[in-house]
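Student: Residue numbers (our numbering), protein chains in the order written: chain A, 1 to 417; chain B, 1001 to 1417; chain C, 2001 to 2417; chain D, 3001 to 3417. After the structure tokens below, expect a handful of questions from me.
Number of protein chains: 4
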Amino acid sequence: MKICVIGGGSTYTPELVEGFIQNFERLPLKQLTLMDLSAERLTVVGGLAERMVKVAGRPFELELTPELTSAVAGADFVITQVRVGGQQARHEDTVLALEHGVIGQETTGVVGFAKALRTIPVLLKVSQEMRAHAPGAMLINFTNPAGLVTEALLKYGGVRCIGLCNSPIGTQMALAKRYAVPASSIVLDYVGLNHFAWIRGVTIAGREVLDEVMADLLESDLPSLGYHRDFLTALHMIPSSYLRYFYLQHETLEHLQQQPQTRAQEVMAIEATLLEKYRQPQLSEKPAELEKRGGAYYSTAAVALIRAIATNAGERHIINVRNGSALPDLPEESVVEVPAIIDASGAKPLAMGRLEPPIRGWLQLLKSYEVLAVEAAVERSYHKALLALSCHPLVPSVNKARLLIAAINDKYRLGLH
Amino acid sequence: MKICVIGGGSTYTPELVEGFIQNFERLPLKQLTLMDLSAERLTVVGGLAERMVKVAGRPFELELTPELTSAVAGADFVITQVRVGGQQARHEDTVLALEHGVIGQETTGVVGFAKALRTIPVLLKVSQEMRAHAPGAMLINFTNPAGLVTEALLKYGGVRCIGLCNSPIGTQMALAKRYAVPASSIVLDYVGLNHFAWIRGVTIAGREVLDEVMADLLESDLPSLGYHRDFLTALHMIPSSYLRYFYLQHETLEHLQQQPQTRAQEVMAIEATLLEKYRQPQLSEKPAELEKRGGAYYSTAAVALIRAIATNAGERHIINVRNGSALPDLPEESVVEVPAIIDASGAKPLAMGRLEPPIRGWLQLLKSYEVLAVEAAVERSYHKALLALSCHPLVPSVNKARLLIAAINDKYRLGLH
Amino acid sequence: MKICVIGGGSTYTPELVEGFIQNFERLPLKQLTLMDLSAERLTVVGGLAERMVKVAGRPFELELTPELTSAVAGADFVITQVRVGGQQARHEDTVLALEHGVIGQETTGVVGFAKALRTIPVLLKVSQEMRAHAPGAMLINFTNPAGLVTEALLKYGGVRCIGLCNSPIGTQMALAKRYAVPASSIVLDYVGLNHFAWIRGVTIAGREVLDEVMADLLESDLPSLGYHRDFLTALHMIPSSYLRYFYLQHETLEHLQQQPQTRAQEVMAIEATLLEKYRQPQLSEKPAELEKRGGAYYSTAAVALIRAIATNAGERHIINVRNGSALPDLPEESVVEVPAIIDASGAKPLAMGRLEPPIRGWLQLLKSYEVLAVEAAVERSYHKALLALSCHPLVPSVNKARLLIAAINDKYRLGLH
Amino acid sequence: MKICVIGGGSTYTPELVEGFIQNFERLPLKQLTLMDLSAERLTVVGGLAERMVKVAGRPFELELTPELTSAVAGADFVITQVRVGGQQARHEDTVLALEHGVIGQETTGVVGFAKALRTIPVLLKVSQEMRAHAPGAMLINFTNPAGLVTEALLKYGGVRCIGLCNSPIGTQMALAKRYAVPASSIVLDYVGLNHFAWIRGVTIAGREVLDEVMADLLESDLPSLGYHRDFLTALHMIPSSYLRYFYLQHETLEHLQQQPQTRAQEVMAIEATLLEKYRQPQLSEKPAELEKRGGAYYSTAAVALIRAIATNAGERHIINVRNGSALPDLPEESVVEVPAIIDASGAKPLAMGRLEPPIRGWLQLLKSYEVLAVEAAVERSYHKALLALSCHPLVPSVNKARLLIAAINDKYRLGLH
């Protein structure tokens, strides 16, 4: 089995390598290829990876390359974790948004929209190489905005693809810890889109514990969440943490405007430190600092998903998948984030049924935005981009939407017309 | 035929009375009953109405009464045009909203939400009287927010009901003037909710003229609309004028915050002048000043609708009606504003088909808000009220939503719990 | 205005010509073109038509031609009433079906299936000529099986098209007579497919009279209908007369097997007599014998429909039209027979809402058959033909279906493969 | 854990008992209660069961009782395998149907309809006892017609319920054997209703083998299936064996009319032999003859299902479950037979997506029949019964339907009115 990681120079990569090393007996990997356009990243991150694999006794072969075609060729799995434009673009887009009084937010917000416009053409190029050189391979997309990118790949890429985010597994692990049970015994009634989802129920070995979990939230986490307790009580669901940008748009905008640094700037500082560490020739394991970077359980999620496919496990994972009839209130061809059965054929979503009114309309509006944003990226259409943001509740002015699109288009030479 | 007007003391009433007088030959009205709780309004507005009917040669009997039951008894049509709390409540709610940085807007905004909470119980009382004393009568609702109120009446009132707004007929009349054709030859592909609708096409005797109409808009009306031309070009539909609050939320909020007076205050001043006029014993016709009040073609729309029902005409009118399968992207039981065939059985909507992505999500979100708002009003539920506003894109903070609801609940003793 | 009749040599044509003559003042026809491949029919039927037009004072020009292209060129309306293979093919197909123990029936049965396979390619040729030589013209299809043929034209023909049948207007006229009211005051809640429809309600000036109409049926027409009264009472709808083949498959099959002649043979005899009459040079009006041919109100329906389009009337007619959301239990792209508003733009169906369980499944099965049958005809696909009949409840053996298709394919050289 | 078997005197029971004995280590059963109204059956079958449990070393307690309430009390699982009226009723109903020229068929046919009318009230009584005396218990229904009975229980019974049939597991086991792989590695794309289902795909460890399986069918099983190869080739799905009654209605009717005995008579003979064996005091294991009775893998399916629930396994089983959005072409509240994830919460179906035209209409018609049949049984409604059979393609005459219903109603005193 060959696994190829596009964007293999990411600072996350050591976590992933560690995962493959630790799970080697259950996941018979032969070759791991790290592909990255940055020679420096490939040297630094790849170098650490090589030392890690060596120390582990070389359970599999490691390849480092800047060439897309050869990296993809013959792969069984292609993991994409690219960041077109890097954290610098994220930083500048965030500042631009805030200057217009608009929340940036790099997944569901306008910064995510800009990232999607930059990224989707690159990933469609990856899928093109896969069709030619790794037919039948599975693309596992970690690239944000994961929902939009996965929808573009499934609609236009012509490859098998699953979109993965560490957020659902994070919730599951937290609940497993709280209840001191294995994560596998926790079942979430989870519905929505990536970074825009709600948990409608939680069972542990068949027992519904949502009331308890909600009570916990109200007692312990309320101040950090920012919601008044009456709202969570009325909602009686666990909203994804990113929903704060929508439910508390006024407050989060004000908060972001008061920050001395953008999140991108924080990440750049963390990454600089990390890369410094990675350069140390004596380091041959994932450094503790990596945890600050975010992305907890990223490796756990990826390895578990690949293993479920490779072993035809028939396990339940919460992933991004073509909707079909999973959520009949949303378009069939679109991508949703729901529980699905993973086996050697790929992902088959569970039938989650109708959405309740407090979440139905939100999901339908955001999906309209996503459908239009994907079309804008694929068709390089300025009008579609404008219509996409006209459906975006975090961009409450189509005139500002126009200015934001114009600025992004110029800056990144997107060629929208 | 007996027609009863609930809220007959409205300053609009002379326009309605004029309509019945002018159309007497085609609409054989026997008795017109104006019911109002305000003795003063009944005297002043009713007095003018009496003089108008007298001058016209008493084509029908006019009755003035503050009693609901007797007013409704035996009616064939009940027109509701009530304003619970008056313009003063509207003014105060608007100020309250603006203080929280939220657009008020008395139909689709939070002021409309407050009005719905006050008004729906009153109109359900009217429907109760109708069931008892005027079985089979048709309720024609003009009361704002017309969509919400009509949905409440159809779901919980147990009466036949059509919701009517002068906005669609206004557009039709403007187009008829522009093209110098009769209004009846203009057909609008009109979809949406009251004050939240789009025109997807305009035909004149079968010829599609949307491109021309859009070009006109871009040339002549653009500054007044506030949109950049690129947005309207991308949309390629005519948005309802109230959609500015959503598409240009930033701009309209800023504009409203800069106004010296609320719209309610302006209306109060206009109404004071109007009532002064109405008091003049020599006045026996609708004064010219009434036009400033808004509500152009109100009488035209009402008389045309009643006549279409009374004569089993089978004519097309754009009204608020139970959705059924008219817009299959919205709930069947909800009320939508679409073209419908009007005959003696009532209103049957046309099958308008799927909604396009740029408008679909918006309509689905607003309808989620409406469904929850109606339930909040009928169940007097604080939690439902909170969930309703959590779906409202003009209230971008659930914490502020809570404060607004608490203030409204206290002030109007709504008994939400 | 130019109207072109494809299959103008039909024995029905004099009725149509009479309709145009009588309605001349309300329908300003300039030229009527009768096109037919049969020189004899063109001479005989066309000759009578010429005498009729002459006697009427030549209100419009009459043209007779065997040429399709020139006939269609410049037409505003193209009426199609063709019978590929003639009554002889119908007769032979009926005999073939009965030999296999299968009901023929030339619209919803297997004889209609054979006719569709022969006819759809011919009508697609007509639509091709229209696209080239009469762009924007409206095709009015009378050709049976009208539902299948209209679906093929709308899906693959690229022309505006309405399918028309005289059956709904026949019911309306019968009810108008019974109640002594104008047909226009009768409104039918009519849902289904051509020759496979149910009337769920009947209102006269808004009054629901279905109970009365059902009582009449049970009292007077029961023996002729063949149903036990309990069934009609349980159904509480008026089934289309052709539904007897489905509801009483055993009985109607036995009846057909006992007939000395097929319906096609009867019609051939009637037509021979009619053509004999038409040949008489002194005849210059529609002969009384034409009534026996079937097709009552054919002319009424056609002229009324054309007039509604030509005058932008906005009237309600029951016709065959693209479903959209008229019947949300059936595919959007398919053709259904429902009330629609007719104006200069064409036909817009009313939103008829969900179907009741006793009729829903039947309509869904028959529509599956129709979808597959149209694809079989267009793709000349033997497998699709087999799948179509495997969904047909009047062909209760896929092995017999195979034999029937093989026989039809050979006989008419359909080229199914 | 307590498991209660209603109809525990069935000749199938030894197979079930054997399953519980063999799986004891993985399924910690404490008490097995066999309840049956027949004292003789309880003695004979229960006696054998006692000897089997004794020989196995009494891994669990065995209870025999004719009392429903005490049998159900405290149960965790209630298995229902009742046959109201016994094989004699089945025999007589079959003869009655054949006399009217109608296929009986005790699940999807009219004999199944009669059985449903007799059985549903009895099972609703069981569910009533469960609500009172075993709240939270899971009912596992084996009683035929399993789809109808399960739908009645889920809509009207107020208990958790899964309907189980040995047919899907039988297919899986046959394929596992053919490919020499474990059954768990075979995944079926299985859609439909009980005994009315199609397999649209077969994967083995992710590899699609439908083409191979179809080729096998065409080569080896074609004569026994009765289909012409062209039909199966066109269908390109594996139809449930019971679909022969629909696809080959003529042929199967003729075949049944020629049989010397009904299937019920055959079963009665087999059962007599079996009971004779069971009576032998030295017999303490399932006799080989039981296999002739049908119901292969019945025990395998039941034990596996119960174990998946008891251990919160999250495994995929093909069962009868509330549709939700599993098959969006069928009603949400209805029961369908599809793959579902089984864990401690019960069954959650997979989102199987839209149905293809060749099977969609059939499933929709049969479900209409089922919906009406369940309502007929619950409401004891003669009209609903008539409407149910009017939707049944194996009863091609509503007049005969009426005679059949009348006969059944009289014979079993069903009290339809």
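The beta carbon of each residue, even a glycine, is placed where N, CA and C say it ideally should be. On a predicted model such as this, the values are computed, not experimentally measured, just so you know.
Going along the chain, which residues of its own chain have a beta-carbon closer than 7 Å to the beta-carbon of residue 2030 of chain C, five neighbours each way excluded?
Tutor: Answer for residue 2030 of chain C: 2001, 2002, 2060, 2061, listed in chain order.
Student: The alpha helix (DSSP H) that contains residue 2197 of chain C, what's its start and end?
Tutor: Taken as a continuous stretch (DSSP letters only), residue 2197 of chain C belongs to no alpha helix (DSSP H), being part of the beta strand (DSSP E) at 2196-2204.
Student: Taking 7 Å as the threshold (beta carbon to beta carbon), is residue 2313 of chain C in contact with chain B?
Tutor: False, the Cβ-Cβ gap to chain B never drops below 7 Å.
Student: List the residues of chain A that residue 1369 of chain B touches, going by C-beta distances under 9 Å, in chain order.
Tutor: Within chain A, the residues near residue 1369 of chain B are 357, 361.
Student: For the beta strand (DSSP E) that residue 190 of chain A lies in, which residues bound it at each end?
Tutor: Counting along the chain, the beta strand (DSSP E) containing residue 190 of chain A begins and ends at 186-193.
Student: So, with DSSP's three-state summary, where would you put residue 3036 of chain D?
Tutor: Residue 3036 of chain D: coil per DSSP, three-state reduction.
Student: Is the region 364-374 of chain A touching the region 1191-1208 of chain B in the sense that three or more CB pairs, one from each, lie closer than 8 Å?
Tutor: Because the criterion of three Cβ pairs below 8 Å is not met, the region 1191-1208 of chain B and the region 364-374 of chain A do not touch.
Student: Does any C-beta atom of chain C lie closer than 7 Å to the C-beta of residue 1325 of chain B?
Tutor: Yes, residue 1325 of chain B lies at the interface with chain C (some Cβ there is under 7 Å from its Cβ).
Student: Closest to residue 307 of chain A by C-alpha separation, out of A/276, A/288, A/345, would be which residue?
Tutor: Checking every option, the nearest Cα to that of residue 307 of chain A belongs to A/345.
Student: Quick check: the region 3243-3263 of chain D against the region 3122-3137 of chain D, are there 3 or more CB pairs under 8 Å?
Tutor: Short answer: they don't touch.
Student: In chain order, what residues of the same chain have a beta carbon less than 8 Å from the beta carbon of residue 2091 of chain C, not counting five sequence neighbours either side?
Tutor: Only 2262, 2264, 2265, 2268 meet the Cβ criterion.
Student: Return the residue from the list A/80, A/318, A/38 that minimises the CA-CA distance to residue 193 of chain A.
Tutor: When each option's Cα is compared against that of residue 193 of chain A, the closest is A/318.
Student: Using a C-beta cutoff of 7 Å, does residue 397 of chain A count as contacting chain B?
Tutor: Chain B contact via Cβ: present.
Student: Which term fits residue 1011 of chain B, buried or exposed, when burial requires 16 or more other beta carbons within 10 angstroms of its beta carbon?
Tutor: Answer is buried; the Cβ neighbour count reaches 16.
Student: Look at residue 3202 of chain D and residue 3225 of chain D and say whether their C-beta atoms are less than 7 Å apart.
Tutor: Cβ distance not < 7 Å, so residue 3202 of chain D and residue 3225 of chain D don't count as in contact.
Student: Straight-line CA distance for residue 2399 of chain C to residue 1384 of chain B?
Tutor: Answer to the nearest angstrom: the Cα atoms are 59 Å apart.
Student: Using the beta-carbon of each residue, which ones in chain A are nearer than 7 Å to residue 1402 of chain B?
Tutor: Those are 228, 230, 231, listed as they occur along chain A.
Student: Leaving out five residues on either side along the sequence, give the residues of the same chain with a beta carbon under 6 Å from the beta carbon of residue 2238 of chain C.
Tutor: For residue 2238 of chain C, where only same-chain residues beyond five positions count, the Cβ hits under 6 Å are 2199.
Student: Cutting at 7 Å between CB atoms, please list the residues of its own chain near residue 3299 of chain D, excluding the five before and the five after it.
Tutor: So the list reads 3015, 3016, 3018, 3019, once near-sequence residues are dropped.
Student: Note down the Cα distance separating residue 357 of chain A from residue 1116 of chain B, rounded to an integer number of angstroms.
Tutor: Distance between the alpha carbons of residue 357 of chain A and residue 1116 of chain B: 18 Å.
Student: By the three-class DSSP mapping on this structure, what secondary structure does residue 2322 of chain C have?
Tutor: Note: residue 2322 of chain C maps to strand in three-state DSSP.
Student: What residues in the region 3141-3167 of chain D have a beta carbon less than 7 Å from any beta carbon of chain A?
Tutor: Those residues of the region 3141-3167 of chain D that come within reach of chain A (Cβ to Cβ, closer than 7 Å) do not exist; the list is empty.
Student: Does the distance from the C-beta atom of residue 2321 of chain C to that of residue 2339 of chain C stay below 7 Å?
Tutor: No, the Cβ-Cβ distance between residue 2321 of chain C and residue 2339 of chain C is not below 7 Å.
Student: Counting along the chain, where does the alpha helix (DSSP H) carrying residue 2333 of chain C start and finish?
Tutor: No alpha helix (DSSP H) holds residue 2333 of chain C; DSSP gives it neither H nor E.
Student: For chain G, find out if any of its Cβ atoms is closer than 7 Å to the Cβ of residue 98 of chain A; answer yes or no.
Tutor: You won't find chain G in this structure, because its protein chains are A, B, C and D.
Student: Tell me which residues share the same chain as residue 2326 of chain C and place their Cβ nearer than 7 Å to its Cβ, disregarding the 5 neighbours each side in the sequence.
Tutor: Counting only Cβ-Cβ distances below 7 Å, and skipping sequence neighbours, we find 2336, 2338, 2349, 2350, 2351, 2352.
Student: Using a Cβ-Cβ cut-off of 7 Å, state whether residue 392 of chain A counts as contacting chain B.
Tutor: Not closer than 7 Å to any Cβ of chain B, the Cβ of residue 392 of chain A fails to qualify, so no.
Student: Mind checking residue 375 of chain A: buried by the 16 CB within 10 Å criterion, or exposed?
Tutor: So residue 375 of chain A counts as buried.
Student: Quick one: which chain B residues come within Cβ less than 7 Å of residue 2345 of chain C?
Tutor: Within 7 Å Cβ-Cβ: 1187, 1203, 1206.
Student: Can you check whether the C-beta of residue 3316 of chain D is within less than 7 Å of a C-beta belonging to chain A?
Tutor: Yes, because at least one Cβ of chain A sits closer than 7 Å to the Cβ of residue 3316 of chain D.
Student: Given residue 179 of chain A, which residues of its chain have a CB within under 8 Å of its CB, disregarding the five upstream and five downstream residues?
Tutor: Same-chain partners within the cutoff: 186, 204, 209.
Student: Decide if the region 2025-2042 of chain C is in contact with the region 2051-2060 of chain C; the criterion is three or more beta carbon pairs, one per stretch, under 8 Å apart.
Tutor: Yes, the region 2025-2042 of chain C is in contact with the region 2051-2060 of chain C.
Student: Tell me, please, which residues DSSP counts as bridged to residue 64 of chain A.
Tutor: A/34, per the DSSP bridge assignment.
Student: I need the straight-line Cα distance from residue 2105 of chain C to residue 2112 of chain C, nearest angstrom please.
Tutor: Each residue's Cα considered, the two are about 6 Å apart.
Student: Let me know the secondary structure DSSP gives residue 2103 of chain C once reduced to three states.
Tutor: In the structure shown, residue 2103 of chain C sits in coil (DSSP, three-state: anything other than H, G, I, E or B).
Student: Report the neighbours of residue 3129 of chain D on chain C: residues whose CB is nearer than 7 Å to its CB, in chain order.
Tutor: None at all; the shortest Cβ gap to chain C is about 30 Å.
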